[in-house]
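Asks: Going by the working numbering, the sequence shown wraps up at 1157, each residue one higher than the last.
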Amino acid sequence: MRESITIAGTTYELATNAYTPIAYKEQFGKDYFQDLFSMVNSQAILAKLDQLEDGEELQAHHIDVSILSDFDMTFFHRIFWVFAKSANPRVKPFVDFYLEMEEFPVQDIAPVLMNMLNQGMSTRKKQMKQKQRVRKSSQ
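#1: In angstroms with no decimal places, state the Cα-to-Cα distance between Y1042 and E1120.
#2: Per DSSP, what kind of secondary structure is R1020 in: helix, strand or coil?
#3: Would you mind sorting L1117 into buried or exposed? The rule is 16 or more other CB atoms within 10 Å of its CB.
#4: For E1120, name the three-state secondary structure that DSSP assigns.
#5: Smallest Cα separation from D1072: which of F1055, Q1125, S1022 and I1025?
#6: For L1032 versus A1105, is the C-beta distance shorter than 7 Å?
#7: Within 10 angstroms of the Cβ of F1055, are there 16 or more other Cβ atoms? Answer buried if so, exposed if not.
#8: DSSP state of A1026, grouped into three classes?
#9: How is the alpha helix (DSSP H) around R1096 delimited, first residue to last?
#10: Could you tell me if F1051 is buried or exposed, where buried requires 16 or more neighbouring beta carbons within 10 angstroms of its beta carbon?
#11: Using 8 Å for Cβ pairs, my map puts R1096 next to F1046. What's the rounded Cβ distance?
Quick look at the structure:
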């Protein structure tokens, strides 16, 4: 899956593909799916982001501190960079990539990333033809 997002006048191409978990492990030394499932457990912060009006920013008083106990804010940075790397293997190294960014508006970026994560995690089971089922059961 491919998406584009513009941040502060710069358009970033993002992709999720078979290389994504490999790039994540190579760069961060962590398992992509373990981090992803840990993030899913922090859905409360994402719900708060969804409740914001256009132009409204997430403020500290909007968040119950207990929500943040398991939330890793750099997760969005890691995922964003690895999706950029999956779209373009020649993307700048992680630190250089972010040193050039003026801002990183999580409230705008998180929905795009979550949509890509959801699409990447969904699978479709191909229907077997009747002939294949019969052949398989007779073996």
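Here a beta-carbon is modelled for each residue, glycine too, at the ideal position from N, C-alpha and C.
Replies: In short, the structure shows the following:
#1: One C-alpha to the other measures close to 23 Å.
#2: Residue state, collapsed to three classes: strand.
#3: When all chains shown are included, L1117 counts as exposed.
#4: Three-state result, E1120: coil.
#5: For the residues F1055, Q1125, S1022 and I1025, the minimum Cα distance to D1072 belongs to Q1125.
#6: Yes, Cβ-Cβ distance for L1032 and A1105 is below 7 Å.
#7: Around the Cβ of F1055, a 10 Å sphere holds fewer than 16 other Cβ atoms; the residue is exposed.
#8: In the structure shown, the three-state DSSP call for A1026 is coil.
#9: Counting along the chain, R1096 sits inside the alpha helix (DSSP H) bounded by residues T1092 to A1105.
#10: Its Cβ having fewer than 16 others within 10 Å, F1051 is exposed.
#11: In this structure R1096 is in contact with F1046, their Cβ atoms being roughly 6 Å apart against a cut-off of 8 Å.
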